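Novice: Line order of the protein sequences matches chains A and B. Note that the working numbering gives residue 50 to position 50 of the first sequence, counting from 1, and the numbers run on in steps of one. Position in the second sequence (from 1) plus 242 gives the number in the working numbering. Pasting a structure below so you can have a look.
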Amino acid sequence: MNGRAPLLSVRDLVVRYGAITALDGVSLEVGEGEIVAIIGPNGAGKSTLLSTVAGLRRPDAGGISFAGTPIAGGALEGTVRRGIAYVPEGRHVFAGLTVLENLELGATVRRDRAEARAHLESFLDAFPILRERAGEAAGRLSGGEQQMLVIARGLLSKPRLLMLDEPSLGLAPKIVDQVYELVTSLRRDGLTVLVVEQNAGRALAAADRTYVLNAGRVRLQGRSAELTGAPDFDAAYFGLKD
Amino acid sequence: MGNLNPIQILVDTVSVGGLYALTALGLGLIFSVMRLANFAHAELVTCAAYAVFALSGQPVAVAIVASVGTAMVLALATERLAFRPLRSADQTTMLIASFAVSMFIQKLLIFTVGSRPKPVDPLPILAQPIAIAGAQVSLLKLATILACIACLGALTYLLRRTSIGLHMRAAAEDFTMAQLVGVRANSVILAAFVLSGFLAAVVALLFVAQTGFVHPRLGVQIVLVGFVATVIGGLGSLPGAAAGGFLVGALATLLQALLPAELRPFREAFLFLIVILVLLFRPNGLWPAPGLKERV
Ligand SMILES: Nc1ncnc2c1ncn2[C@@H]1O[C@H](COP(=O)(O)OP(=O)(O)OP(=O)(O)O)[C@@H](O)[C@H]1O
Ligand SMILES: [Mg+2]
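Okay, structure coming up:
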């Protein structure tokens, strides 16, 4: 974190669904230019954390600030304007729209039309399959292609923070490699990434730092290299600790 | 319909089908972005028709502009006053609210202008028939067909080729995801209401020109059939709504023309029998929307 103020800072966040407490006082920080992973088993609260930062849910307690400013309510369409691109789990392409239209929607908030167009072209160059199928309904792409499409769509807003929820879910290992190659290559452009994974090995390999979430609490955190093989890692991941 | 000249039947069928296609599209636009079956669409049609009536003595252009303006302003007012406060409410609440708005405007009309039908003839220049291939065809019906084609074309262009159109289609598929990429909820919803108001006014104008009367339940009669059409076509699919509207309107006209005279009074029964059969075999309508699936 290099002593600078973090880009994203989550403090003592509590989120409940009725009687279920999905997040029970989670604190986390993501520094500018970092890749940070959140891992944990099913139901740990990972998706809830991202969707709350994205503005889909209101915190029951605690606070979130982005670039030093509290994110408190406001319309959902403000999230991307703040500089947060959120790619939810489940590959939400606009299935009935064309691949190209999906990408164009990614640039909705851009005012630099010409640059946005060039940016879009660069994704079509990077993923020839998207160019090839630009005029086809996005719903007809394969799972991996859809995943690339939604990540590209998120990036086209030129975000400061990209949040990815389980980008590898249901994809073949080779495709997962491609997804993570893309994610790590983005760091060179100064992008900050917060990624949720169930695939712990994959996340630890890609991220600078990792948080282990279980039953709504952060059980373990640290530099990914140090967490790998840490003696209490399994206990934290499977919720045997605390 | 007198004699059964095929060209006349064709023109009748297409013109009525076109009117119901525009009605169903007006409903479908609101449904697709808000998942709201907007009963108050009926009163947009009715009020637009009364605007035409109120300006009977004025030049046609004035009446047209006034009716379009009335329907659009009313559409925006209902959105702002009734539907926006309920935007996060569940669908049933919205449905009931639209019903309440519809009833309120209808009763207000009855209270202020009375329930008796009033004669109106906004487009007398189109009254005379012209001869096409030996058939006497109403100029008004031809104009109706042209107007419907123009509206369909303009709407298609708007939805396919402009960025607000793209935003509306994205919001129709997945409103939350659309907002997450930056589409503004208010813009797409207001655009949908403005367009539905416009379509309601076109329908009102052409409809009263054909029937020659306005009355407070005019819109309800048309829009109920429009609802049936959107269900047949496939809820949430705009091409489906247009096709469903056309189909239902055309079918009603054909039944009227082709049923033996003694069965004609049961035209509606036959029509809805066909509707029920369609839904038995295609519960999601004939052309269901691809996007009606799980959202973020
Ligand atoms: N919409 C909801 N309504 C009620 N409970 C919910 C809802 N969404 C999540 N939960 C509950 O909140 C808890 C955290 O869920 P969340 O989806 O955040 O977990 P997750 O870590 O993303 O799990 P997974 O790895 O399976 O995606 C779970 O107990 C879940 O059942
Ligand atoms: Mg999840």
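Backbone N, C-alpha and C define an ideal beta-carbon position, used for all residues, glycine too. Being a predicted model, the structure only gives us computed values, none of them experimental.
Report the CB separation of valine 93/A from valine 30/A in whole angstroms; it is logged as a contact under 8 Å.
Specialist: No, valine 93/A and valine 30/A are not in contact; Cβ-Cβ is about 26 Å, not under 8 Å.
Novice: Can you tell me where the alpha helix (DSSP H) holding asparagine 102/A begins and where it ends?
Specialist: 99-106
Novice: Looking at serine 47/A and ligand 2, is the gap between the Cβ and the nearest heavy atom below 7 Å?
Specialist: yes
Novice: Under a Cβ-count criterion, where at least 16 other Cβ atoms within 10 Å of its own Cβ denotes burial, should isoleucine 347/B be classed as buried or exposed?
Specialist: buried
Novice: Who pairs with tyrosine 211/A in a beta bridge, going by DSSP?
Specialist: Ile38/A, Gln221/A
Novice: So, do the region 168-183 of chain A and the region 134-147 of chain A have three or more beta carbon pairs nearer to each other than 8 Å?
Specialist: yes
Novice: Whose Cβ in chain B lies nearer than 8 Å to the Cβ of leucine 97/A?
Specialist: Leu408, Arg411, Ala412, Glu415
Novice: If you draw a straight line from the alpha carbon of alanine 134/A to that of alanine 200/A, how long is it in whole angstroms?
Specialist: 34 Å
Novice: Closer than 8 Å by C-beta to valine 275/B: which residues in its own chain qualify, once you throw out the five before and the five after it? Chain order, please.
Specialist: Contacts found: Met410, Ala413, Ala414, Phe417, Val430, Ile431, Ala434.
Novice: Is aspartate 165/A near ligand 2 - that is, is its Cβ less than 7 Å away from at least one heavy atom of it?
Specialist: yes
Novice: Excluding the five sequence neighbours on either side, which residues of its own chain have a C-beta within less than 8 Å of the C-beta of threonine 184/A, listed in chain order?
Specialist: Ile35, Ala206
Novice: Our contact map puts alanine 483/B next to glycine 259/B with C-beta atoms below 8 Å; I'd like the distance itself, whole angstroms only.
Specialist: Rounded, the Cβ-Cβ distance is 13 Å, inconsistent with contact.
Novice: Is leucine 23/A near isoleucine 64/A, with beta carbons less than 8 Å apart?
Specialist: Taking 8 Å as the cut-off, the beta carbon of leucine 23/A is found no closer than this to the beta carbon of isoleucine 64/A.
Novice: Under 8 Å, do isoleucine 387/B and valine 467/B count as touching if we go by C-beta distance?
Specialist: no
Novice: What's the C-alpha gap between glutamate 536/B and glycine 40/A?
Specialist: Note that glutamate 536/B has pLDDT 42, beneath the 50 cutoff, so the model's placement of it is unreliable and no number is given.
Novice: Could you check whether the Cβ of leucine 155/A sits closer than 8 Å to any Cβ belonging to chain B?
Specialist: No, its Cβ sits nowhere closer than 8 Å to a Cβ of chain B.
Novice: Since I believe leucine 49/A is in contact with valine 26/A (beta carbons under 8 Å), could you give me their beta-carbon distance rounded to a whole number of angstroms?
Specialist: 6 Å
Novice: Which chain B residues sit within Cβ distance under 7 Å of glutamate 77/A?
Specialist: For glutamate 77/A, the residues of chain B that pass the 7 Å Cβ criterion are Gln421, Gly424, Val425, Arg426, Ala427, in the order they occur in the chain.
Novice: I need the straight-line Cα distance from valine 302/B to leucine 316/B, nearest angstrom please.
Specialist: 21 Å
Novice: Looking at the secondary structure, which residues open and close the beta strand (DSSP E) in which leucine 8/A lies?
Specialist: 8-17 is the extent of the beta strand (DSSP E) around leucine 8/A.
Novice: At least one CB of chain B closer than 8 Å to the CB of phenylalanine 81/A: is that the case?
Specialist: Just to set this straight, residue 81/A is arginine in the shown sequence, not phenylalanine. Yes, arginine 81/A counts as interfacial toward chain B.
Novice: When you compare each of Glu504/B, Phe440/B, Ser438/B, Val520/B to glycine 476/B by their alpha carbons, which one comes out closest?
Specialist: Val520/B
Novice: Is there at least one Cβ from chain B nearer than 8 Å to leucine 186/A's Cβ?
Specialist: no
Novice: Just checking glutamate 89/A against ligand 4 - is the residue's beta carbon closer than 7 Å to any of the ligand's heavy atoms?
Specialist: Within the structure as shown, ligand 4 is missing, the only ligands being ligand 1 and ligand 2.
Novice: Could you name the residues that DSSP lists as bridge partners for methionine 163/A?
Specialist: Tyr86/A, Leu194/A
Novice: Aspartate 30/A bridges to which residues according to DSSP?
Specialist: In the sequence under discussion, the amino acid at residue 30/A is valine, which differs from the aspartate named in the question. DSSP links valine 30/A through a beta bridge to Leu8/A.
Novice: Which residues share a DSSP beta bridge with alanine 137/A?
Specialist: Thr98/A
Novice: Could you check if glutamine 198/A belongs to the surroundings of ligand 1, using beta carbon to heavy atom distance under 7 Å?
Specialist: yes
Novice: Going along the chain, which residues of its own chain have a beta-carbon closer than 7 Å to the beta-carbon of leucine 227/A, five neighbours each way excluded?
Specialist: Leu204, Thr210, Leu220, Phe233
Novice: For a cutoff of 8 Å on Cβ pairs, would you count tyrosine 86/A as touching chain B?
Specialist: With respect to chain B, the C-beta atom of tyrosine 86/A has a partner C-beta closer than 8 Å.
Novice: Does the separation of the CB atoms of lysine 360/B and valine 456/B fall below 8 Å?
Specialist: yes
Novice: In three-state terms, what does DSSP make of glutamine 378/B?
Specialist: strand
Novice: Could you tell me which of Val465/B, Ala279/B, Gly461/B sits nearest to alanine 339/B, measuring between CA atoms?
Specialist: Ala279/B
Novice: Let's test the definition: count the other Cβ atoms within 10 Å of the Cβ of aspartate 112/A and tell me whether it reaches 16, buried, or not, exposed.
Specialist: exposed
Novice: Give the single residue among Val212/A, Leu162/A, Val218/A, Gly216/A whose Cα lies nearest to the Cα of serine 224/A.
Specialist: Val212/A
Novice: What do you reckon, is the C-beta of isoleucine 64/A under 7 Å from a heavy atom of ligand 1?
Specialist: no
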